[in-house]
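Numbering (the working numbering), first residue to last: 11 to 117. The beta carbon of each residue, even a glycine, is placed where N, CA and C say it ideally should be.
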């Protein structure tokens, strides 16, 4: 691939992403937001987080070393930090750093 081709691909991806981000503002400008959309805005973040947890933990092998210990310990830390501090970003960062330390230095 040439540099021009790569730049064009990045440009197209950026335009499509921007279009998808701004589309809801254009659709609902000056109109009342439907109740279904409001409902989805309250439910989808939790559903997406649940799906991400399942996706991340789907290949844990409890039959072989390290028996899922790093993953489950990092998940427990994320939950504990979130309960204590109520800060999503801090919870995710602490769990990620803890997991990486366990995987790289302990197991």
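I think residue 118 touches residue 105, with their Cβ atoms under 8 Å apart; what is that distance to the nearest whole Å? With the chain represented from 11 up to 117, any question about residue 118 goes unanswered, as that position is not in the structure.
Can you give the Cα-Cα distance for residue 46 and residue 53, rounded to whole angstroms? Residue 46 sits at position 36 when you count from the first residue of the chain shown. Residue 53 sits at position 43 when you count from the first residue of the chain shown. Near 11 Å, if we compare the C-alpha coordinates of residue 53 and residue 46.
Could you tell me the boundaries of the alpha helix (DSSP H) in which residue 21 lies? Here residue 21 is taken as the residue at index 11 of the chain shown, counted from 1. Counting along the chain, the alpha helix (DSSP H) containing residue 21 begins and ends at 13-37.
If I follow the unbroken alpha helix (DSSP H) through residue 111, where does it start and stop? As a working mapping, residue 111 is identified with position 101 in the chain shown. Here the alpha helix (DSSP H) through residue 111 covers 98-111.
Note the first and the last residue of the continuous alpha helix (DSSP H) segment covering residue 44. Locating residue 44 in the chain shown gives position 34, counting from the first residue. Residue 44 -> no alpha helix (DSSP H), and no H or E assigned at all.
Whole angstroms are fine: how far does the CA of residue 49 sit from the CA of residue 12? Counted from its first residue, the chain shown places residue 12 at position 2. Counted from its first residue, the chain shown places residue 49 at position 39. Taking the straight line from one Cα to the other gives about 46 Å.
Residue 81: which of 57, 70, 74, 91 sits nearest, CA to CA? Here residue 81 refers to the residue found at position 71 when the chain shown is read from its first residue. Measuring from the Cα of residue 81, the nearest candidate turns out to be 70.
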